[in-house]
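> Using our numbering, the first residue of the first sequence is number 4, and each one after it goes up by one. Quick reminder that beta carbons are idealized off the backbone N, C-alpha and C, glycines included.
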Amino acid sequence: MGRFKNTKYLNAIQKGIMAWSSENPRHLPWKDNRDPYQIWVSEIILQQTRVEQGLPYYLKFMERYPTLLDLANSTEDELMKIWEGLGYYRRARHMHQSAQIIVQQYDAIFPQNYSDILQLKGVGSYTAAAIASFAFDLPYVVVDGNVIRLISRLFALVDPVDDPSVRKEIENLASMLLDKTDPAFFNQAIMDFGAIQCKPVHPECNHCPLQEKCQAFQKDMVNLIPAKKEKKPRKTRFFYYLVPYKDEFFYIRKRSTTDIWSGLFEFYLIEFSEEVDWSKILPNVDLPIKRVHRQQNKYKQQLSHQIIQAEFLTVELIDDISILERDKYTRVKRKKIRNFAFPKVIDCFLKDKDVILNLH
DNA sequence: AAGACGGGGGT
DNA sequence: ACCCCAGTCTT
4 MGRFKNTKYL NAIQKGIMAW SSENPRHLPW KDNRDPYQIW VSEIILQQTR VEQGLPYYLK
64 FMERYPTLLD LANSTEDELM KIWEGLGYYR RARHMHQSAQ IIVQQYDAIF PQNYSDILQL
124 KGVGSYTAAA IASFAFDLPY VVVDGNVIRL ISRLFALVDP VDDPSVRKEI ENLASMLLDK
184 TDPAFFNQAI MDFGAIQCKP VHPECNHCPL QEKCQAFQKD MVNLIPAKKE KKPRKTRFFY
244 YLVPYKDEFF YIRKRSTTDI WSGLFEFYLI EFSEEVDWSK ILPNVDLPIK RVHRQQNKYK
304 QQLSHQIIQA EFLTVELIDD ISILERDKYT RVKRKKIRNF AFPKVIDCFL KDKDVILNLH
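#1: What is the DSSP secondary structure of Q221, reduced to helix, strand or coil?
#2: Assuming P247 is part of the alpha helix (DSSP H), what are its boundary residues?
#3: What residue range does the alpha helix (DSSP H) around V295 cover?
#4: Measure from the alpha carbon of W264 to the alpha carbon of each residue in Q218, N209, P229, D350, then state which is nearest.
#5: If you measure between the beta carbons of I85 and F64, is that distance less than 7 Å?
#6: With H, G and I counted as helix, E and B as strand and the rest as coil, what does DSSP make of R334?
#7: Would the stretch 252–264 and the stretch 208–228 be scored as touching if the rule is three or more Cβ pairs under 8 Å?
#8: Starting from A313 and walking both ways along the beta strand (DSSP E), at which residues does that stretch end?
#9: Report the rounded CA-to-CA distance for L315 versus P236, giving the unit in angstroms.
#10: Exposed or buried, what is H363 when buried is set at 16 or more other beta-carbons lying within 10 Å of its beta-carbon?
#11: Flag this pair as yes or no: are the beta carbons of S24 and W33 separated by less than 7 Å?
#12: So, for M21: in the same chain, excluding its five sequence neighbours on each side, which residues have a beta-carbon less than 7 Å away from its beta-carbon?
#13: Where do the N-terminal and C-terminal ends of the alpha helix (DSSP H) with F139 fall, by residue?
#14: Got a sec, what are the start and stop residues for the beta strand (DSSP E) E274 sits in?
#15: When burial is assigned at 16 or more other CB atoms within 10 Å of the CB, is N9 buried or exposed?
#16: Rank F275, E319, I151, A313 by C-alpha distance to the C-alpha of K293 and give the top, closest one.
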């Protein structure tokens, strides 16, 4: 592989990527934009998220928080409502914290050098490089999923790309490829190239400008690269939600920071590691239940590391709600329930429930 | 070095 | 059912 790490070869690849990009421009709201705040927002939203999925959230976000000060002055709960359904909710909480740090420590001026940007919560090497290059023309190369795939194929790296040593090698190669005279254009180009030309499945090798430079193509190994380590099987968790209400109020609670969906709200949760019948659960529930609704709702959700099977049972309470207050549950008007951010399974439940209870 | 963290879309 | 996605943080 070493013989391909020469200037002439790397230069040809660099020029090929940039020429391709000139011929295949991509138009997105955050492109041709030098505002570090807007770039930051778009990059955080797009972490592990497809452009098509993130775009509507970006538009909604910028409408509600046009400036960094708007974000810093918001509440975390309102921000979570904007983020609802997008996943990886830690991103939103980190953004909120970072916005307030920028206001306090940088006088609301977005930091303008790589190491300061990298210090921000939720900003790693990829996002720092993206902001530094797009907003400030600083020569830091972006290494995202697209770049990892493209480089591992170009240089026929057969070892797992999620191995730290391989990852390091990819970052070295990417740095050598970077056009330091125009890092913003190059970074955009290499990501676009990976996303559109060097796709994960069915890459456009038959009309690829880098075909003869691509070691994977030359060795007929494109479909074997990038290699990944084996993944562990997902565990299934069984969530049994009681949906307590009394008069016009629901009782909900914010989830802790040590589990999935932290910062989102939920109802009264009893969790098991296996399927359980409600008849076994209800007698042991510590709630002053007056009446149990007949309607039961079941949902299944696949997450990246676990599978959630959730069941919902609505219950009417009698007067004594001290148990709920002790456990940090708060009451909210039933018609205001949609002002709070919920995980997808609860969102699905509420959508079905709307029909039944005619909420809103 | 490995695990955790969401949800949607493609095959 | 499995893979991937404009990754980052924690242990």
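Checking against the coordinates, here is how it stands:
#1: helix
#2: Taken as a continuous stretch (DSSP letters only), P247 belongs to no alpha helix (DSSP H), being part of the beta strand (DSSP E) at 238–249.
#3: Counting along the chain, V295 falls outside any alpha helix (DSSP H), though it belongs to the beta strand (DSSP E) covering 292–305.
#4: D350
#5: yes
#6: strand
#7: no
#8: 309–320
#9: One detail in the question is off: residue 315 reads as Phe in this sequence, not Leu. Cα to Cα, F315 sits roughly 26 Å from P236.
#10: Since pLDDT at H363 reaches only 35, below the 50 mark, its modelled position is unreliable, and the value read off the structure follows with that caveat. With fewer than 16 other Cβ atoms within 10 Å, it is exposed.
#11: no
#12: D182, F188, F189, A192
#13: 128–139
#14: 271–275
#15: exposed
#16: E319
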